[in-house]
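**Q** Line by line, the protein sequences give chains A and B.
Be aware that the first sequence starts at -9, since it is given in the numbering used here, and climbs by one per residue.
Be aware that the second sequence starts at -9, since it is given in the numbering used here, and climbs by one per residue.
All residues carry an ideal CB built from backbone N, CA and C; glycine is no exception.
On a predicted model such as this, the values are computed, not experimentally measured, just so you know.
Number of protein chains: 2
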Amino acid sequence: MVIDPRLDLVLERTIDVSPELVWMAWTQPERLKKWFTPAPWTTVDCEIDLRPGGVFRTVMRSPEGRDFPSLGCYLEIVPQRKLVWTDALEAGYRPSRQDPHLSFRFTASVLLEPHGKGTKYTAIAMHGDEASRKKHDDMGFQAGWGKALEQLVEHMKKTRV
Amino acid sequence: MVIDPRLDLVLERTIDVSPELVWMAWTQPERLKKWFTPAPWTTVDCEIDLRPGGVFRTVMRSPEGRDFPSLGCYLEIVPQRKLVWTDALEAGYRPSRQDPHLSFRFTASVLLEPHGKGTKYTAIAMHGDEASRKKHDDMGFQAGWGKALEQLVEHMKKTRV
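See the structure below:
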């Protein structure tokens, strides 16, 4: 991944669950729903077709009960190491039909490296322009993805397989 | 490929050059420049990084000498059978920074099947909405891609390897 600091946002953490468990949390819909949105937001629906061109769909619910559906498409899948998807495309690589002015486009990569018994975790959000990066930053990328990751760790520790 | 007739444009032809030669014409910049734009338009530059996430860049020149650069990203590559790319993304899967109101987004697939000594050739352009499909259709997708394919056949017959 070539990171451009003007256009990208990066979250790096070392966590004490294994890449295998982090991978399960990201790729099994019933697990993902447990941690994906920082509380008090919830994830009420999730669809995962884990192959390049496959759909990654979530519905996030606000504390007031408003639903925010999100559609993306997987691009690269390296089990337990790398997951890449974008919301610029939908299932089957079809360009997204969402109005780009309602949100911003990003391509996300989650990179996992074994680190002792845990994982070096890197999440990258790539944008097409500085305005989109800023919008994502202002929405609270660092705090939001950070809190969701804490929830992931907590959930996977409780439900260790 | 799942084709949606409301959103997609399809060109199908049977041509008398082999999938191997069609593949070369689509994946070698110096060859692509010979046929890619229907005359009197020309293709004056071409960059191909033939891997998922790699760049597909062309510059088309109008008869009046105006240049139209185009940036895309390869998604799927099955040598001599299938080539998929999109202009919704740039190199490294970064969302495109082009203004979506200046053009339209599409994902293109070129599918090749051996047919005798020739090729059953299918080109599909997928769009996110009906307006984009119509814009591409009105621009002359059928005539343009059809004429370019005739140029491809003519060029590869002359330069048989």
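Helix, strand or coil for Gly82/A, going by three-state DSSP, please let me know.
**A** helix
**Q** With distances taken from CA atoms, which of Gln18/A, Pro(-5)/A, Val12/A, Ser99/A is nearest Glu140/A?
**A** Val12/A
**Q** For the segment 9 to 27 of chain A against the segment 122 to 130 of chain A, are there 3 or more C-beta pairs whose distance is under 8 Å?
**A** no
**Q** From Phe58/A to Ala115/B, what does the alpha carbon distance come to, in whole angstroms?
**A** 29 Å
**Q** Compare the C-beta of Arg(-4)/A against all C-beta atoms of chain B and say whether one is closer than 7 Å.
**A** no
**Q** Could you name the residues of the same chain whose beta carbon sits closer than 8 Å to that of Glu54/B, not counting the 5 residues immediately before and after it, in chain order?
**A** none
**Q** Residues in its own chain within less than 7 Å of Glu37/A by CB, not counting five upstream and five downstream?
**A** Pro19, Val45, Arg47
**Q** What does His105/B touch in chain A if you count any residue whose Cβ is under 8 Å from its own?
**A** Those within 8 Å of His105/B in chain A number zero; the least Cβ separation is about 25 Å.
**Q** Between Thr149/A and chain B, is there a C-beta pair that is closer than 7 Å?
**A** Chain B, which has no Cβ nearer than 7 Å to the Cβ of Thr149/A, makes this no.
**Q** Helix, strand or coil: how does DSSP classify Gly44/A here?
**A** coil
**Q** Quick check on Leu(-3)/B: does DSSP put it in helix, strand or coil?
**A** coil
**Q** Could you give the C-beta distance for Gly166/A and Ser86/B, rounded to a whole number, given that I count them as a contact under 8 Å?
**A** The requested residue 166/A does not occur in the structure, where chain A is confined to residues -9 to 151.
**Q** Using C-beta distances below 8 Å, list every residue in its chain close to Gly82/B, excluding the 5 sequence neighbours before and after it, in chain order.
**A** Gly43, Cys63
**Q** May I ask which residues mark the beginning and end of the alpha helix (DSSP H) holding Trp135/B?
**A** Residues 131 to 148.
**Q** Please report how far the alpha carbon of Asp35/B lies from the alpha carbon of Trp16/B, in whole angstroms.
**A** 14 Å
**Q** Measuring straight from C-alpha to C-alpha, what distance separates Ser8/B and Thr112/B?
**A** 14 Å
**Q** Quick one: give me the first and last residue of the alpha helix (DSSP H) that Lys125/A is part of.
**A** 120 to 128
**Q** Rounded to whole angstroms, how far is the Cβ of Val67/B from the Cβ of Arg84/B, which I believe are closer than 8 Å?
**A** In the sequence on display, residue 67/B carries Ile and not Val. Rounded, the Cβ-Cβ distance is 19 Å, inconsistent with contact.
**Q** Keeping to the same chain, check which residues put their C-beta closer than 6 Å to that of Thr33/B; ignore five residues upstream and five downstream.
**A** Lys23, Phe26, Thr27, Thr48, Met50
**Q** Distance cutoff 7 Å, beta carbons only. Does Pro85/B sit that close to anything in chain A?
**A** yes
**Q** State yes or no: is the beta carbon of Arg95/B nearer than 7 Å to at least one beta carbon in chain A?
**A** yes
**Q** Looking at the structure shown, is Arg51/A part of a helix, part of a strand, or coil, going by DSSP?
**A** strand
**Q** Determine the closest residue to Val143/B out of Asp39/B, Ile5/B, Met14/B, with distance taken between C-alpha atoms.
**A** Taking only the C-alpha atoms, the option nearest Val143/B is Ile5/B.
**Q** Reducing DSSP to helix, strand and coil, say where Arg87/A ends up.
**A** coil
**Q** Which first and last residues belong to the beta strand (DSSP E) in which Ala115/A is found?
**A** Per DSSP, the continuous beta strand (DSSP E) segment holding Ala115/A begins and ends at 108 to 116.
**Q** Taking only three categories from DSSP, how would you classify Val12/B?
**A** In the structure shown, Val12/B sits in a helix (DSSP, three-state: H, G or I).
**Q** Alpha carbon to alpha carbon, what distance is there between Gln132/A and Ser122/B?
**A** 35 Å
**Q** Please classify Arg3/B: does DSSP put it in a helix, a strand, or coil?
**A** strand
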